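Protein chains in written order, with my numbering: chain A, 49 to 737; chain B, 49 to 737. All C-beta atoms in this analysis are idealised placements derived from N, C-alpha and C, irrespective of residue type, glycine included. Quantities reported herein were computed from a predicted structural model and do not represent experimental measurements. Since the structure comes first, as structure tokens, the remarks are kept for the end.
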């Protein structure tokens with residue numbers, strides 16, 4: 049009893065650590081970006097000052113461009129030569145991990161370092177990326193690291209938390225880390241929990257959820273304290289997350305506006321589908337042609353030049369001058385009169401987070417449509433081009449920004465039609481942002497809650513939800529969410545939430561792989577070695593040996609997995625000589641734990657010919673009652689077993705309890721109901737990753 | 049494909065209806081209580097006016113008492129003679145329903161009417177009850193009714209939503225209804241979703257969660273519109289729920305206060321455990337002695353008299369006079385000077401909701417400790433006595449109120465120690481309220497979110513969470529949550545979230561019931577009738593018939609449930625004469641749906657002796673691939689199967705796929721790890737309900 053209690057206390061303690069460390073990382077990222085981008089903009093703004101002729105204005109332009117190129121090159125180098133899996137937002141990888149598919153290297157310390165340093169440089173370098181997605185990845189890596197109490201990269205074993213060295217426990221902690229990451233990114237602890245549930249949970253586990261909530265709350269609180277301290281008012285606790293949408297207090301909405309919101313949802317869904325379609329083509333192109341390291345870095349630099357040039361051109365050509373107020377961080381005067389600043393520069397010449405806030409809260413009339421239209425188009429294009437580059441890059445902020453731009457445009461249009469009825473354009477910017485983001489990533493309940501928490505306003509719940517539903521439904525007509533597209537591009541056998549519709553006629557006998565490689569309860573070392581060398585399977589059913597006639601025997605007894613076999617072989621847990629029955633060495637639970645998670649490959653275990661004739665009794669180590677189904681079981685039934693219990697293998701038996709096949713995740717993932725192709729069940733080829 | 053789409057649209061539409069109807073009911077309840085309690089207090093206050101001598105003050109006292117007795121009698125009559133299951137908060141019953149156990153009558157229209165009318169009279173009658181818990185029950189009944197498209201009580205079949213007439217679909221909608229109820233009660237749509245998940249969900253289903261969220265959002269929005277309209281400012285949308293904690297804006301907290309909050313959590317846990325212990329004794333007493341209708345009603349009247357007398361005495365004996373402000377609804381002058389009112393009366397002489405708000409927001413110093421101490425003690429006692437009476441009664445508000453009182457007391461004490469450090473006593477009232485409620489009901493994540501949403505303040509997330517964790521942990525040392533205590537008192541086989549710890553040595557063979565009553569694939573009508581008459585089992589395994597030697601046959605083929613057999617027999621789906629093989633009448637899916645949910649009892653189906661010799665081929669109707677386990681499967685494994693897949697029966701087979709036993713929920717629920725008794729696994733007797 050006290051053992052269980054200790055374990056429970058340890059679990060809470062680990063969650064506390066995860067929350068606090070994630071918050072520290074988030075704070076460091078935020079402060080570094082603030083300092084780095086701040087220095088950059090101040091410096092460039094200095095050179096912009098008082099330049100109104102066409103030639104000398106090129107000086108700050110080239111300065112700006114060279115700083116940006118330098119910054120993004122660092123980010124790109126880290127990813128390309130450091131850890132390629134650190135590219136992108138990391139959400140697709142975490143989604144796979146929580147779903148039960150391990151993408152190699154995704155939760156290593158090296159990945160964390162490349163990701164965190166990379167995102168600081170990428171954001172400061174002015175690319176159309178956000179720092180939010182990477183925080184979720186960072187939180188997950190922290191969780192995976194802390195919970196194991198050791199680091200294989202650093203060859204350091206702290207000898208703590210040994211009980212947590214199993215896939216199952218580690219995955220639970222990573223859920224908490226992902227939630228903490230969301231909490232840090234958006235100041236949305238509840239949204240974080242729902243994100244973890246939506247992406248990862250199969251079976252609702254109350255005490256786990258409670259711990260996840262604790263991690264995300266701790267993270268949000270710690271970050272709040274750190275950032276409030278950094279901002280100079282320690283106990284105001286006004287910065288629960290990296291992104292701050294500002295206060296929307298006092299702005300209500302009317303019943304009739306809901307129809308307009310739905311319309312915006314439709315538009316967001318279409319725009320999102322367009323975004324995804326372009327990015328899909330681009331990603332396919334990148335996979336085919338841009339895979340060399342140098343090309344990857346070059347591509348990043350080209351996009352960076354494009355970003356700076358377009359931004360500069362828009363600022364240069366714009367004539368939207370506004371009187372200076374306190375809210376503008378880096379006001380550029382340019383061709384405007386004294387005491388005025390260029391509104392276009394306020395959007396292009398600042399961090400994306402700041403621009404989102406400007407679009408949400410700048411008072412009516414402070415940004416002209418002639419500024420917004422080019423901004424919206426350019427930013428949409430840049431965001432599409434940027435996602436998928438070899439840099440860490442969040443997708444939330446660029447989508448929000450593009451959406452906020454067209455949302456605000458729509459609001460200005462409505463205000464023009466009837467200034468009394470539609471007084472607030474900021475609300476439309478918010479709805480547009482939600483619609484665009486929903487159209488791109490197609491997340492549902494967690495996204496609603498994240499946005500609700502980020503706006504600190506519960507009243508917007510219903511409009512946000514309706515907009516996100518509409519955007520998702522409209523977008524789903526054309527393609528999948530962007531994360532899912534990228535997961536599919538890598539052929540990961542991800543399981544959906546439910547079985548494919550109309551699949552109840554498909555039986556276990558149709559999906560299973562066969563023949564199955566089975567092991568006898570007492571098996572020779574030679575055969576085990578041979579089996580492990582000759583195939584890549586992960587689980588092997590253990591059966592009673594057949595008698596000479598082949599009539600009796602073959603009854604299914606249990607399941608043993610590859611890593612267990614490798615530990616048994618490595619520790620020589622077999623009999624001392626061929627005819628003996630007692631094993632040479634007793635194997636303890638710790639022998640398995642110490643190896644976790646990087647088990648020795650069979651090639652690296654040396655087995656002598658004499659040893660090959662010895663045998664192992666597998667019964668003490670195998671799982672004696674694994675889940676199995678009869679070959680008549682239907683696909684939806686198998687699917688639910690996999691999804692609800694987080695299975696990786698399911699043994700299929702005949703009426704006499706003899707093994708006739710195995711169903712793995714890949715077998716299941718092959719069957720998908722595709723509404724975008726031939727409208728029917730189809731088998732997709734799945735490539736191992 | 050279009051069929052699936054239609055079904056999906058219908059599901060959303062039903063959820064919309066559930067949300068809107070639940071909101072309407074909530075609005076009606078709220079307005080009726082407002083009017084009824086308003087008239088009562090105004091009338092009594094009129095008689096209280098200017099009475100300062102000891103004799104005539106008894107006139108308003110007796111008027112107050114007689115009005116209260118009249119009101120609570122109505123509530124009690126409705127419950128006792130109308131529908132006894134409408135008593136209490138309804139949350140334990142809904143919890144059972146969502147867990148998979150059907151408490152009879154719990155989702156019927158009659159129950160709804162008794163509950164809703166009863167709660168109006170009970171709250172107006174001044175008892176220590178809240179209107180929140182019953183809203184959750186009301187939402188669930190609405191969901192069960194709307195989703196079926198028919199009412200058996202009214203003998204009306206609208207012929208719509210026929211697809212939803214299965215236990216599984218109905219249960220999904222009831223989850224939505226419960227969430228809508230929470231949303232209506234507390235203005236907490238996210239809290240509602242989490243409540244449904246926490247109490248009901250086993251397997252996370254994204255699209256279902258999304259629909260549940262839609263129902264609760266719609267409900268909160270509709271209620272907001274209705275109540276805002278009633279309060280005279282239609283589009284302010286400031287009343288998202290029945291209970292309103294008021295605005296806590298601007299009150300932060302300091303790091304060192306968290307320690308004090310934890311201390312309050314401990315106290316709340318202890319106070320909650322005391323509450324539960326007393327209420328448990330009382331409930332056992334009630335089950336033993338107070339079960340006659342007249343006694344039940346008499347008990348309610350006695351408690352009502354006690355409530356009024358104690359309230360009156362406290363007001364009468366108090367000397368806490370405060371200057372009148374606008375926030376007091378029914379100021380009583382009594383022995384106070386002109387322009388002053390009795391602070392004690394402000395707490396006792398108003399609806400509990402109003403008193404909670406007073407304790408949270410009344411400015412420092414407006415309530416004296418000498419008023420709070422008796423209020424806290426009296427209310428704690430009254431709440432303990434009241435829960436379990438034969439009236440609809442919510443538990444949230446009384447617990448919050450008692451907690452807010454001692455929380456505020458603690459705040460006043462701190463303020464007395466250091467007026468600078470502890471400026472706000474209202475925050476301490478809130479924390480105390482949370483601690484007390486958490487200590488009584490021991491809910492975790494959903495309660496945190498509900499309280500966060502009710503306070504409209506995300507900053508209080510961490511303190512609320514820490515307090516609720518501490519209160520739960522402290523309380524759990526002594527006893528279970530009050531809802532669980534009441535569920536246990538009724539011997540419901542409720543499954544916990546996880547398997548009992550240290551139970552992995554228990555095997556399927558130990559838990560299963562045996563022998564099992566099996567049916568042959570082709571079975572005679574006589575045997576089926578006999579089996580259905582002679583036992584109460586719900587599921588029957590179907591096996592291949594044994595041959596004469598008894599050596600071959602007996603292979604497990606499928607599972608058929610009682611209601612299916614009853615429909616088959618009722619519709620005479622057997623062969624026309626004993627030797628024939630073709631059934632007399634084809635059975636359609638609609639034959640099953642039309643009977644749902646009240647299937648004909650076997651006693652009411654007339655089968656002639658000649659028919660008894662005919663036979664039914666069960667294979668087209670049985671479930672051909674039900675889940676089964678081998679007798680070696682461990683209890684935790686079986687438990688997870690039951691919980692994750694929502695099973696009701698699990699067939700246990702031997703190595704040759706022959707049925708050797710059945711595990712039902714009751715078999716599982718018998719095994720509990722009780723930390724309060726002998727500290728070990730024990731088998732509890734389970735009584736059928």
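Requested in this report: Indicate the three-state DSSP secondary structure (helix, strand or coil) for residue 515 (chain B) in the structure shown.
Outcome: Here residue 515 (chain B) refers to the residue found at position 467 when the second chain is read from its first residue. Of the three classes helix, strand and coil, the one that applies to residue 515 (chain B) here is helix, per DSSP.
Report task. Spatial neighbours of residue 266 (chain B) within its chain, please: CB distance less than 7 Å, with the 5 preceding and 5 following residues excluded, ordered by chain position. Result -> The residue you call residue 266 (chain B) lines up with position 218 of the second chain. Counting only Cβ-Cβ distances below 7 Å, and skipping sequence neighbours, we find 64, 67 and 68.
Query raised in the report: Which residue comes first and which comes last in the beta strand (DSSP E) that contains residue 591 (chain A)?
Result: Your numbering for residue 591 (chain A) matches position 543 in the first chain. Start and end: 587 to 591.
Query raised in the report: Between the C-alpha atoms of residue 519 (chain B) and residue 528 (chain B), what's the straight-line distance to the nearest angstrom?
Result: Here the question's residue 519 (chain B) lines up with position 471 in the second chain. Here the question's residue 528 (chain B) lines up with position 480 in the second chain. Their backbone Cα atoms lie some 12 Å apart in a straight line.
Query raised in the report: Under 9 Å between C-beta atoms, does residue 553 (chain A) make it to chain B?
Result: As a working mapping, residue 553 (chain A) is identified with position 505 in the first chain. Judged by the 9 Å Cβ criterion, residue 553 (chain A) is not in contact with chain B.
Query raised in the report: By the criterion of Cβ-Cβ separation under 8 Å, what are the contact partners of residue 693 (chain B) in chain A?
Result: Translated into positions along the second chain, residue 693 (chain B) becomes position 645. Chain A residues near residue 693 (chain B): 688, 689 and 692.
Query raised in the report: Expressed to the nearest angstrom, what Euclidean distance is found between the alpha-carbon atoms of residue 595 (chain B) and residue 602 (chain B)?
Result: For the purposes of this step, residue 595 (chain B) is taken as residue 547 along the second chain, with counting starting at 1. For the purposes of this step, residue 602 (chain B) is taken as residue 554 along the second chain, with counting starting at 1. Cα to Cα, residue 595 (chain B) sits roughly 9 Å from residue 602 (chain B).
**Report entry** Anticipated Cβ contact below 8 Å, residue 148 (chain B) with residue 696 (chain B), distance rounded
**Finding:** The residue you call residue 148 (chain B) lines up with position 100 of the second chain. The residue you call residue 696 (chain B) lines up with position 648 of the second chain. With 8 Å as the limit, residue 148 (chain B) and residue 696 (chain B) qualify as a contact, their Cβ atoms being about 7 Å apart.
Requested in this report: Tell me whether the beta-carbon of residue 406 (chain A) lies closer than 9 Å to the beta-carbon of residue 366 (chain A).
Outcome: Residue mapping note: residue 406 (chain A) aligns to position 358 of the first chain, counting from 1. Residue mapping note: residue 366 (chain A) aligns to position 318 of the first chain, counting from 1. No, the pair does not count as a contact, with Cβ atoms beyond the cut-off.
Report task. Would you mind listing the beta strand (DSSP E) stretches within the stretch 420 to 470 of chain A that are 3+ residues and don't spill past its ends, in chain order? Result -> none
Query raised in the report: Under three-state DSSP, which class holds residue 116 (chain A)?
Result: Here residue 116 (chain A) corresponds to residue number 68 of the first chain, with the count starting at 1. In this structure, residue 116 (chain A) counts as helix in the three-state DSSP scheme.
Query raised in the report: Looking at the unbroken alpha helix (DSSP H) that takes in residue 688 (chain B), where does it start and where does it end?
Result: One-based indexing of the second chain puts residue 688 (chain B) at position 640. Counting along the chain, the alpha helix (DSSP H) containing residue 688 (chain B) begins and ends at 683 to 693.
Requested in this report: Starting from residue 664 (chain B), follow its DSSP beta bridges and name the residues at the other end.
Outcome: Looking up residue 664 (chain B) in the second chain gives position 616. Looking at the DSSP assignment, residue 664 (chain B) forms a beta bridge with B:571.
Query raised in the report: Who are the near neighbours of residue 660 (chain A) in its chain, counting only those whose CB is closer than 6 Å to its CB and skipping five residues on each side?
Result: Looking up residue 660 (chain A) in the first chain gives position 612. Counting only Cβ-Cβ distances below 6 Å, and skipping sequence neighbours, we find 573 and 574.
**Report entry** Assigned secondary structure, residue 738 (chain B) (DSSP; H/G/I helix, E/B strand, else coil)
**Finding:** With chain B covering 49 to 737 only, the question about residue 738 (chain B) has no answer from this structure.
Query raised in the report: What three-state label does DSSP hand residue 580 (chain B) in the structure shown?
Result: The residue you call residue 580 (chain B) lines up with position 532 of the second chain. Helix at residue 580 (chain B).
Report task. Taking only beta carbons into account, state which residues of the stretch 694 to 706 of chain B come closer than 7 Å to chain A, listed in chain order. Result -> 703, 704 and 705
**Report entry** Under 8 Å by beta carbon: chain A residues contacting residue 52 (chain B)
**Finding:** The residue you call residue 52 (chain B) lines up with position 4 of the second chain. Within chain A, the residues near residue 52 (chain B) are 549 and 550.
**Report entry** Partner residues on chain A for residue 492 (chain B), Cβ-Cβ distance less than 9 Å
**Finding:** Here residue 492 (chain B) corresponds to residue number 444 of the second chain, with the count starting at 1. Residues of chain A passing the Cβ test: 254, 255, 257, 258 and 261.
Query - Assigned secondary structure, residue 653 (chain A) (DSSP; H/G/I helix, E/B strand, else coil) - result: Taking the first residue of the first chain as 1, we reach residue 653 (chain A) at position 605. Looking at residue 653 (chain A) - three-state DSSP - the assignment turns out to be coil, as it is neither helix nor strand.
Query raised in the report: Would residue 519 (chain B) count as contacting chain A if we go by Cβ distances under 9 Å?
Result: The residue given as residue 519 (chain B) occupies position 471 in the second chain. Residue 519 (chain B) does not count as touching chain A.
Query - residue 688 (chain A) versus residue 433 (chain B): straight-line alpha-carbon distance, rounded - result: Your numbering for residue 688 (chain A) matches position 640 in the first chain. Your numbering for residue 433 (chain B) matches position 385 in the second chain. Straight-line Cα distance between these residues: approximately 46 Å.
Query raised in the report: Nearest CA to the CA of residue 230 (chain B): which residue from B:219, B:242 and B:453?
Result: Locating residue 230 (chain B) in the second chain gives position 182, counting from the first residue. Answer by Cα proximity: B:242.
Query raised in the report: How should residue 279 (chain A) be labelled, buried or exposed, when 16 other C-beta atoms within 10 angstroms of its C-beta is the threshold for buried?
Result: As a position in the first chain, residue 279 (chain A) is number 231, starting the count at 1. Label assigned to residue 279 (chain A): exposed.
Report task. Give every residue of the same chain whose Cβ lies closer than 6 Å to the Cβ of residue 379 (chain A), excluding the five residues on either side of it in the sequence, and list them in chain order. Result -> By 1-based counting over the first chain, the position of residue 379 (chain A) is 331. Result list for residue 379 (chain A): 372 and 389, in chain order.
Query raised in the report: Using CA coordinates, which residue listed in B:226, B:211 and B:105 is at the minimum distance from residue 54 (chain B)?
Result: Position 6 of the second chain holds residue 54 (chain B). For residue 54 (chain B), the nearest C-alpha among the options comes from B:211.
Report task. Using a Cβ-Cβ cut-off of 9 Å, state whether residue 750 (chain A) counts as contacting chain B. Result -> Nothing in the structure corresponds to residue 750 (chain A), since chain A is present only between 49 and 737.
Query - Short CB-CB distance (under 9 Å) between residue 497 (chain B) and chain A - result: One-based indexing of the second chain puts residue 497 (chain B) at position 449. Yes, because at least one Cβ of chain A sits closer than 9 Å to the Cβ of residue 497 (chain B).
Query raised in the report: Between residue 78 (chain B) and residue 327 (chain B), what straight-line distance do the alpha-carbon atoms span, to the nearest angstrom?
Result: On the second chain, position 30 is the one that residue 78 (chain B) refers to. On the second chain, position 279 is the one that residue 327 (chain B) refers to. Rounded to whole angstroms, residue 78 (chain B) to residue 327 (chain B) spans 28 Å at the Cα level.
Report task. Within its chain, find whatever has a CB closer than 6 Å to the CB of residue 256 (chain B); leave out the 5 residues flanking it on each side and keep chain order. Result -> Taking the first residue of the second chain as position 1, residue 256 (chain B) is located at position 208. 220.
Query - Sheet register partners of residue 281 (chain B) (DSSP bridge) - result: As a position in the second chain, residue 281 (chain B) is number 233, starting the count at 1. Its beta-bridge partners do not exist; DSSP assigns none.
**Report entry** Short-range partners of chain A found in the stretch 499 to 514 of chain B, where Cβ spacing is below 8 Å
**Finding:** 500, 501, 504, 506, 507, 509, 510 and 513
Requested in this report: Tell me, please, whether the CB atom of residue 222 (chain B) is closer than 9 Å to any CB atom in chain A?
Outcome: Position 174 of the second chain, counted from the first residue, corresponds to residue 222 (chain B). Not closer than 9 Å to any Cβ of chain A, the Cβ of residue 222 (chain B) fails to qualify, so no.
Query raised in the report: Taking the alpha-carbon positions, what's the residue 509 (chain A) to residue 114 (chain B) distance?
Result: Position 461 of the first chain, counted from the start, is the residue given in the question as residue 509 (chain A). Position 66 of the second chain, counted from the start, is the residue given in the question as residue 114 (chain B). Each residue's Cα considered, the two are about 45 Å apart.
**Report entry** Buried versus exposed call for residue 304 (chain B) [16 or more other C-beta atoms within 10 Å across all chains shown]
**Finding:** As a working note, residue 304 (chain B) is residue 256 in the second chain. When all chains shown are included, residue 304 (chain B) counts as exposed.
Query raised in the report: Run through DSSP, which three-state label would residue 140 (chain A) get?
Result: Counting from one through the first chain, the residue named residue 140 (chain A) turns up at place 92. Note: residue 140 (chain A) maps to helix in three-state DSSP.
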